[in-house]
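The block underneath contains the structure these notes are about, expressed in structure tokens.
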Amino acid sequence: MKATVVLSAVLGLVSSASAHYTFDKLLVNGAQQGGDNTYIRKHQNSYMPTKFKNIPSGSISPTDADFSCNKGATAAAKVFTVKAGDKVGLKQAFGGTGMLHPGPTQVYMSPVSNAASDKGTGTWYKVSQSLLCKAGNAESLRTGAWCSYGEDNVHFTVPSTIPNGQYLVRGEHVGLHGAHNGEAEFLLP
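With mature numbering (1 follows the signal peptide of the UniProt record, and there is no 0) applied, the sequence shown covers -19 to -1, 1 to 170.
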């Protein structure tokens, strides 16, 4: 079974100074494919998080139409073909070395008729998530108890049950460090 995918990136955190990042590289079975934004849509949100309130200047809210593929996303340069069982990852941009906010990662797929040009307004299905993978105290819940903590990519295995076709893939890391104030941060490609 093959699924043709073009990746719509998710915002992430990248620089230690700002603790924000985004993802712009495709990994397939551990190997980087192409360069920056070859298979992941380039957007205009830099590495700023997407939030429901106290939205950073120039960013967007999760209720905005651009949320699926990120602010002002343009079509990816190329479409990459993968098969069921392949491990696909969205790697941090700007030399990012790891997600350093507590919180889960999720990956969604959306069937489309043309992965190169579709806007991502269709139905999205969650195909993967990583949550807590270590027991610990309250402090560890702010750091290493999360499976994604310190990872430099959001990754998933292409499901064996997915029908052949073209898909957009969207990964995200949700930083929960401000969630108690209604300020969870969605970090997208």
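Idealized CB from N, CA, C, for every residue including glycine.
If only complete runs of 3 or more residues are kept, the segment 99 to 143 shows the beta strand (DSSP E) at 106 to 111, 134 to 138, in order along the chain.
Three or more pairs of CB atoms, one per stretch, sit closer than 8 angstroms, so the segment 143 to 162 contacts the segment 97 to 109.
By the Cβ test, the segment 53 to 70 is in contact with the segment 87 to 98, since at least three Cβ pairs between them sit closer than 8 angstroms.
The alpha-carbon separation between SER121 and GLY15 amounts to approximately 36 angstroms. The segment 63 to 80 makes contact with the segment 129 to 138, as at least three CB pairs between them are under 8 angstroms. Sorting CYS128, MET80, ILE21 by C-alpha distance to the C-alpha of GLN110 places CYS128 at the top.
The distance from the Cβ of VAL93 to that of VAL9 is about 19 angstroms, inconsistent with a contact at the 8 angstroms cut-off.
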